[in-house]
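Student:
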Amino acid sequence: MDFQHIIVTPGIKPHIALVQLNRPKELNALCLALMQELVSAIEALDQDEDIRCIVLTGNQRAFAAGADIKEMAGKGSIDMLKVDQFSNWERIKRCKTPIIAAVSGFALGGGCELSMLCDMIVASETAKFGQPEIKIGVMPGAGGTQRLTRAIGKARAMEMVLTGAFISAKEAYAAGLVNKVVPAELYLDAAFELAQSVAAMPPIAAQLAKESVLAAFNTSLDEGLVFERKNFYALFSTEDQKEGMKAFVEKRKPEWQGK
Ligand code: DAK
Numbered sequence: 683m684d685f686q687h688i689i690v691t692p693g694i695k696p697h698i699a700l701v702q703l704n705r706p707k708e709l710n711a712l713c714l715a716l717m718q719e720l721v722s723a724i725e726a727l728d729q730d731e732d733i734r735c736i737v738l739t740g741n742q743r744a745f746a747a748g749a750d751i752k753e754m755a756g757k758g759s760i761d762m763l764k765v766d767q768f769s770n771w772e773r774i775k776r777c778k779t780p781i782i783a784a785v786s787g788f789a790l791g792g793g794c795e796l797s798m799l800c801d802m803i804v805a806s807e808t809a810k811f812g813q814p815e816i817k818i819g820v821m822p823g824a825g826g827t828q829r830l831t832r833a834i835g836k837a838r839a840m841e842m843v844l845t846g847a848f849i850s851a852k853e854a855y856a857a858g859l860v861n862k863v864v865p866a867e868l869y870l871d872a873a874f875e876l877a878q879s880v881a882a883m884p885p886i887a888a889q890l891a892k893e894s895v896l897a898a899f900n901t902s903l904d905e906g907l908v909f910e911r912k913n914f915y916a917l918f919s920t921e922d923q924k925e926g927m928k929a930f931v932e933k934r935k936p937e938w939q940g941k
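Going from the sequence shown to my numbering is simple: count from 1 and add 682.
(1) Going by Cα to Cα distance, which pick from Gly819, Lys810, Leu709 is closest to alanine 847?
(2) Once you ignore the five residues that flank proline 936 on each side, which residues in its own chain have a CB closer than 6 Å to its CB?
(3) At the level of alpha carbons, what is the spacing between leucine 917 and alanine 715?
(4) Give a yes or no on contact between the stretch 884-894 and the stretch 902-915, applying the rule of three or more CB pairs nearer than 8 Å.
(5) Within 10 angstroms of the Cβ of leucine 903, are there 16 or more other Cβ atoms? Answer buried if so, exposed if not.
(6) Give the C-beta separation of glutamate 795 and arginine 773 to the nearest angstrom, bearing in mind that I take them to be a contact with Cβ-Cβ under 8 Å.
(7) Check whether the Cβ atoms of serine 806 and alanine 856 sit closer than 8 Å, and answer yes or no.
(8) CB-CB under 7 Å to phenylalanine 874, same chain, minus the five flanking residues each way: which ones, in chain order?
(9) At what residues does the alpha helix (DSSP H) containing isoleucine 774 begin and finish?
(10) Between the stretch 742-760 and the stretch 707-724, can you find at least three pairs of beta-carbon atoms closer than 8 Å?
(11) By DSSP, does cysteine 713 sit in helix, in strand, or in coil?
(12) Relative to the C-alpha of valine 701, which candidate in Lys862, Ile834, Val785 has its C-alpha closest?
(13) Starting from the Cα of leucine 896, find the closest Cα among Lys836, Met821, Lys778, Arg734 and give me that residue.
(14) Can you give, in chain order, each stretch of the alpha helix (DSSP H) that sits fully within the stretch 756-814 and has at least 4 residues?
(15) First and last residue of the alpha helix (DSSP H) that includes glutamine 923?
(16) Could you tell me which residues DSSP pairs with threonine 942 in its beta bridges?
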């Protein structure tokens, strides 16, 4: 996979792909071209049966400092609507493969929103999360008012969105936004370790479990329970269900086929 603004390494570890945002001079600002590359890469990795977990990262200084302000500055409402850059995000949302964000440094605006679009977040203790769009005359537009509120509650989300204040990795952990906080030099290793735990599971079960957890955000409890139950029953048509239960009974490690 040959891209200009991202680096993609499928199979960086067994069954794991690494996608690295690579506009370091611009603190990985999410320009239109980068977003298009990111969507293409995620969709291709999602089709790759060997890949069971994707790690998305930036660099030590920044995961991503938001949408590219220089690219947006002169635009009007209709330009934004026509380009509809962030409708791309819907395509990342459809990725069945679990995605882990490995965040160091700034995760701001669209960068914070991108990390929240991932299924889990591993943060370096240097990470800073924020929705500072209000300071440049706008507001979050790619999930910041919705996913952040669901993740950390109204009071804290409102404060971040209305004041543009950043929160530290430790605060993000205490608020339930991130899964773990580790020393700066270990954040990528910690993300790989978590990814390996996910990749060690039967992939179809992982995909349906991911889909079911995400359904909790869009459904009533009763609808969500029906959805969950159907996915649960569906897994009884997989070879991995037979293998998993047989291996348990035989007291051995299962060998997943992804079928
Ligand atoms: N866009 C473009 N360039 C950026 C950038 C950004 N978001 N953030 C940083 N840079 C560039 C800086 O301009 C600078 O470039 P040069 O001047 O060297 O050419 C370089 O990266 C290094 O930045 P600084 O010199 O500012 O570094 P500092 O350490 O002093 O400060 C900072 C780091 C992250 C605190 C600061 O750069 C900063 O405040 N950056 C902006 C953060 C921000 O406001 N982010 C939110 C952007 S708005 C949409 C949905 C969503 C969105 C848009 C549309 N639709 C539904 C259509 C999302 C919007 C956003 O994310």
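Glycine is no exception: its CB is placed at the ideal position from the N, C-alpha and C atoms.
Tutor: Result, derived from the coordinates:
(1) The candidate whose alpha carbon is nearest that of alanine 847 is Lys810.
(2) Contacts found: Glu925, Gly926, Ala929.
(3) Whole-angstrom Cα-Cα distance: 38 Å.
(4) Contact between the stretch 884-894 and the stretch 902-915 is present, because at least three Cβ pairs lie under 8 Å.
(5) The residue is exposed, with fewer than 16 neighbouring Cβ atoms inside 10 Å.
(6) Their Cβ separation, rounded to whole angstroms, is 15 Å, which puts glutamate 795 and arginine 773 out of contact at 8 Å.
(7) In this structure, serine 806 keeps its C-beta atom at 8 Å or more from the C-beta atom of alanine 856.
(8) Hits under 7 Å: Lys695, Ile698, Val737.
(9) That run of the alpha helix (DSSP H) goes 770-775.
(10) Contact annotation: the stretch 707-724 touches the stretch 742-760, with at least three C-beta pairs closer than 8 Å.
(11) It is coil, neither helix nor strand.
(12) Comparing Cα positions, the closest option is Val785.
(13) Leucine 896 has its Cα closest to that of Lys778, out of Lys836, Met821, Lys778, Arg734.
(14) Whole alpha helix (DSSP H) segments, 4+ residues: 759-765, 770-775, 792-799.
(15) Judged by DSSP secondary structure, glutamine 923 falls within the alpha helix (DSSP H) whose first and last residues are 921-931.
(16) Any property of residue 942 remains undetermined from this structure, which presents the chain solely from 683 to 941.
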